[in-house]
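In what follows, a structure is listed as structure tokens, so that the remarks can point back to it.
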Amino acid sequence: MSTEPALMTLTSVAQAIAQKKFSSREVTQSCLDRIAQWQPSLNAFMAIEADAALAAADAADADLAKGNNRGVLHGVPLAHKDMYYDAGKVVTCGSQIRRDFVATTTATSLQRLKDAGTVRLGSLQMSEFAYGPTGHNAHFGPVHNPWDIACVTGGSSSGSGSAVAARLTFAALGSDTGGSIRMPAHFCGVTGLKTTVGRISRAGAMPLSQSLDTVGPLARSVEDCALLLGLMAGADPEDPTAITGPVPDYAAATTGSIKGLTIGVPSAFYVDDLDSEVAGILEATVAVLKREGATIVQVELPDQRQLTAACQLVLAVEAAAFHKRWMIERPQDYGAQVLMRLQNGLAVPGVSYLEAVRWRGPALSAHLAATSGVDAVIAPVAPVAAPTIAESDVGNSPDAEAVIQRLTRFTRPINYLGLPSLAIPSGFTRAGLPVAMQLIGRSFDEAMLLRIGAAFQRVTDFHDRAPKLA
Amino acid sequence: MTKPAPKEISAMAAVAGLPVSAEVATRISNSIGPAFEGFAAVAGTLPFDLEPATFVVVQTGKVSK
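Those protein sequence lines, which keep their order, are chains A and B. Quick note on numbering: this note's numbering labels position 460 of the first sequence as 460, and the sequence is numbered without any gaps. Quick note on numbering: this note's numbering labels position 27 of the second sequence as 497, and the sequence is numbered without any gaps.
Structure below.
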């Protein structure tokens, strides 16, 4: 066991606290020490609540001493993307407009983690209103990548990716509307799970697009993601779009072998115009899965460019509709790029928007038919590793949308189809930047992705590597 | 389906209660234009009875390998 508790995984630290090998205070202090060291370089936290966290940790320790274990995450300190409402707390959503907004309710996903015993460390930075794929933020500054602080983290869950990678929090909630969990997972070298639309309640999570928004974790391992998913998934009277029915045993899924499974590699689109190092890592990842007993086949997917286009039409309109009042009353309080992107929604006629919404069913049906012979599809999360903050700072340049589209090329089709996708650290470039692959599954079959991802992580160590403070 | 021209965008934005300058309308047209072009092959081809809820039906259907 590591002598620095903050370096442990979520699963192992939760067990260590439950078995009284570490107190919650020791673990929380360990995270706070690392936050103090790293925050000036990373800007990953929106708020650090050290005193309150230590007081909550002491309360957790006192409870445990009395035999009162609140749940499987008893006394584990966590921080989350600052868009999950937490009653009585300021939730900025990464924005000037909500800089002082105090939530009056608590997000269902967050409440379920609290019910499992977690301690709040503070809140994590994010792209303004979760509308940006790089990690830039006009109001709070960019979040930096712990593997190279000159590089972006990816967004919009920028603080979540950076803080989990630097071992400042054991895991963090992110959200994924166009790639916002998978991009930071890829650029920062952590495991990220974009869940099926409807798998986890969105009640109390800041909305961006009601058709596309998903809640999910970023963590240090597939096992940790499975633990968090199991706690958060399930029906919620506050969100009728969350599906009913039993929640699968996701932890059990991570113990399965992949012998006999079939994994598809797309014949086009996801393998086109890849950076050569990303292409090499894709090939090496496929070789590992094959060695572990999976059968690898090529799959021909329907036209992914059409899915991307449809995704863009839906997202543009729904985001503009959510923000319309503030666009009228407070346009000056938006960052220039975010306002510019929100204005795009004004140009989409209602009929075009509804066509894009109506096509989702047939498009998903076509995808399921094309992948009927495989258990999952593997593809890169992005064609390149993390670019620098400077080179991707497009601001409100006319080219901004084109740059955003290039970065999110491999994530948006999956959002449009509402499918689950697990980003797993799969290698490093020669410059030392992490690269992740995404496993794309069938609707509500997160268990299959966790099974494959865990098998990969049992025989690789990319997810275990931690960046060093320069 | 063709991308909306800046003049059309100006009119739509005004109707939405968010008037934009000619420069912004041109920028929006160039920014959202590729989405219209990418979706052009689908637009206008969907069957009459296709409900948006079909997505949920497909999503929750039992699909096996």
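Glycine included, C-beta positions come from ideal geometry on N, C-alpha and C.
Check	Outcome
Would you call the CB atoms of S123(A) and M183(A) closer than 8 Å?	no
Could you have a look at S175(A) and say whether DSSP puts it in helix, strand or coil?	strand
Does the segment 267-287 of chain A come into contact with the segment 476-491 of chain B, if we say contact requires no fewer than three beta-carbon pairs (one atom in each stretch) closer than 8 Å?	no
Check each residue of the segment 293-317 of chain A: if its Cβ is closer than 7 Å to any Cβ of chain B, include it; give the result in chain order.	R305, Q306, T308, A309, A310, Q312, L313, A316
Provide the residue span of the alpha helix (DSSP H) that contains H323(A), from first to last.	304-329
Under 8 Å between the Cβ atoms of T214(A) and S157(A)?	no
Step through the CB atoms of chain A and report whether any lies within less than 8 Å of the CB of S501(B).	yes
Would a C-beta distance cut-off of 8 Å place L228(A) and H80(A) closer than the cut-off?	no
V348(A) touches chain B at which residues, Cβ-Cβ below 9 Å?	P474, M482, I502, A505, F506
For F518(B), would you say it is in contact with chain A, using Cβ-to-Cβ distances shorter than 8 Å as the test?	no
For A376(A) and P217(A), I'd like the C-alpha separation in whole angstroms.	20 Å
Take L354(A) as the anchor and find which of G531(B), A510(B), E521(B), T530(B) has the nearest alpha-carbon.	E521(B)
Please report the residue range of the beta strand (DSSP E) in which T487(A) lies.	Here chain A comprises residues numbered 1 to 470, so residue 487(A) is not present and cannot be evaluated.
With DSSP run on the structure shown, which of helix, strand or coil describes P184(A)?	helix
L289(A): which of P5(A), A16(A), R25(A), V459(A) sits nearest, CA to CA?	V459(A)
Alpha carbon to alpha carbon, what distance is there between K20(A) and A87(A)?	30 Å
Alpha carbon to alpha carbon, how far is L439(A) from G256(A)? Give it in angstroms, no decimals.	16 Å
Take P425(A) as the anchor and find which of L7(A), A36(A), G189(A) has the nearest alpha-carbon.	G189(A)
Starting from S162(A), trace the beta strand (DSSP E) both ways and give me its first and last residue.	Where S162(A) is concerned, there is no enclosing beta strand (DSSP E), although the alpha helix (DSSP H) it sits in stretches over 158-165.
Exposed or buried, which one is D272(A) when buried takes at least 16 other CB atoms within 10 Å?	exposed
Mapping the DSSP letters down to three states, classify G453(A) as helix, strand or coil.	helix
In the structure shown, what three-state DSSP assignment does A52(A) receive?	helix
Does the beta carbon of A511(B) come closer than 8 Å to any beta carbon on chain A?	yes
Could you give the DSSP three-state label for A36(A): helix, strand or coil?	helix
Measure the C-alpha to C-alpha separation of V76(A) and V348(A) and round it to an integer number of angstroms.	46 Å
From the beta carbon of E283(A), is the nearest beta carbon of chain B less than 8 Å away?	no
S365(A) versus chain B: which residues are under 7 Å apart at the beta carbon?	V528
With respect to the beta strand (DSSP E) encompassing T477(A), which residues constitute its N-terminal and C-terminal limits?	Residue numbering for chain A in the displayed model covers 1 to 470; residue 477(A) lies beyond these limits and cannot be assessed.
Chain B partners of I328(A), CB-CB under 8 Å?	G487, L488
If you run the structure through DSSP and keep just helix, strand and coil, what is P413(A)?	helix
From G427(A) to E478(B), what distance separates their C-alpha atoms?	48 Å
Could you tell me how far apart the beta carbons of L121(A) and T169(A) are, in whole angstroms, since I believe they sit closer than 8 Å?	6 Å
With distances taken between CB atoms, is the gap from Y131(A) to T106(A) smaller than 8 Å?	no
May I have the straight-line CA-CA distance separating A470(A) from Q39(A), to the nearest angstrom?	13 Å
Leaving aside the five residues before and after D58(A) along the sequence, list all residues of the same chain whose C-beta is less than 7 Å from its C-beta, in chain order.	R25
Please report the straight-line C-alpha distance between A14(A) and A454(A), rounded to a whole angstrom.	19 Å
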